[in-house]
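Reviewing the structure listed below.
Residue numbers (this note's numbering): 46 to 151.
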């Protein structure tokens, strides 16, 4: 498992304590900070991380049949009652996205 997905799994377990139900603070800001830190340390993205950054948005838009210029976090909020539900929905979508990855590898 890539470091990105390990980080997201840890965040998933402690989401409510860390982000106080706000999708505005998560996950896009966390992922941006993670990517920035790796760049600053001279570390390149792992292939699976590059796949997330490149393909999660198009995958999400295709899954939800949405054509928009909005970022994936905003799309998720549009399909959620509130930010708390949006965070839960993000992790459900991420699990589906990762399963899609495994299907492609086989």
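Cβ coordinates follow ideal geometry from the N, Cα and C atoms, glycine included.
It is roughly 20 Å from the alpha-carbon of residue 127 to the alpha-carbon of residue 140. When the beta-carbon positions are compared, residue 91 and residue 48 come within less than 9 Å of each other. According to the DSSP assignment, residue 80 belongs to the alpha helix (DSSP H) that extends over 73-85.
Put simply, of 107, 118, 112 the residue whose alpha carbon is nearest the alpha carbon of residue 77 is 118.
Of the candidates 116, 87, 94, 116 places its Cα closest to the Cα of residue 103.
Residue 134 carries a helical assignment under DSSP once its states are collapsed to helix, strand and coil. Ranked by Cα distance from residue 143, the first of 125, 96, 134, 129 is 96. DSSP, reduced to helix, strand and coil, places residue 98 within a helical segment of the structure shown.
Taking a 10 Å sphere around the C-beta of residue 94, we find 16 or more other C-beta atoms and assign the residue as buried. Non-local C-beta neighbours of residue 52 in its own chain, meaning closer than 7 Å and more than five positions away in sequence, comprise 79, ordered along the chain.
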